[in-house]
Amino acid sequence: GVGEGIETCLSCAPFGLSCWCAGSLGNLVGSGKPDGVCEPHPVRTGHLLPSRQPDMASARAFLPFEARSMIVLADSDTKDLEALKAQLERAVRRLRFEERSAQILWPPLGMDMNDWILANGRDAA
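According to my numbering, the stretch in the sequence shown is residues 3 to 127, in order.
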């Protein structure tokens, strides 16, 4: 697993998931391709979503080569869920470009991983 913050990663560790903490959203997803397509924001009129296309030359958190299958740990308690979805999709695309399998694990809307696990215990996983 790879998550933005330490709380997210530590919340998942008791379930046997080895986690890497990126330290920030930018470190988790890397930059978008400078000339990448940005779709219109579905809620905020006149705004664009972050690019879903990764800039493979940009830096991001180091992930060991041996980690071939990744679960991107999301938080659903953000102000702009649509922008976060685009950024995490960029992370998944980058991981797949690196020949890793990747998927996003989303807690229920309005919750982060820790909230979800505390509310549901082992049933959350």
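For every residue, glycine included, the Cβ atom is placed at its ideal position computed from N, Cα and C.
Checklist entry - According to the neighbour-count rule (16 or more other Cβ atoms, all chains shown, within 10 Å of its Cβ), is proline 140 buried or exposed? => result Coverage of the chain is limited to positions 3 through 127, which leaves residue 140 absent and any answer about it impossible.
Checklist entry - Around the Cβ of methionine 72, are there at least 16 other Cβ atoms within 10 angstroms (buried) or fewer (exposed)? => result Answer is buried; the Cβ neighbour count reaches 16.
Next on the checklist: So, under 8 angstroms CB-CB, arginine 62 and serine 103 are touching, yes? Tell me the CB distance rounded to an integer number of Å.
Outcome noted: The Cβ separation is near 18 angstroms, so there is no contact.
Checklist entry - For the putative contact between tryptophan 108 and alanine 76, defined by C-beta atoms under 8 angstroms, what is the C-beta separation to the nearest angstrom? => result Indeed they touch by this definition, with Cβ atoms about 5 angstroms apart.
Next on the checklist: I need the straight-line Cα distance from glutamate 101 to proline 16, nearest angstrom please.
Outcome noted: Cα-Cα distance, rounded: 27 angstroms.
Item to check | Rounded C-alpha distance that separates serine 33 from cysteine 11 | outcome: Serine 33 and cysteine 11: Cα-Cα distance of roughly 22 angstroms.
Item to check | CA-to-CA distance, glycine 7 to aspartate 79, given in whole angstroms | outcome: The alpha-carbon atoms of aspartate 79 and glycine 7 are separated by roughly 13 angstroms.
Item to check | Nearest residue (CA-CA) to serine 20, options Glu9, Gly3 and Val31 | outcome: For serine 20, the nearest C-alpha among the options comes from Gly3.
Checklist entry - Applying the criterion that 16 or more other CB atoms from any shown protein chain within 10 Å of the CB defines a buried residue, is valine 1 buried or exposed? => result Beyond the ends of the chain as shown, which are 3 and 127, falls residue 1; an answer cannot be given.
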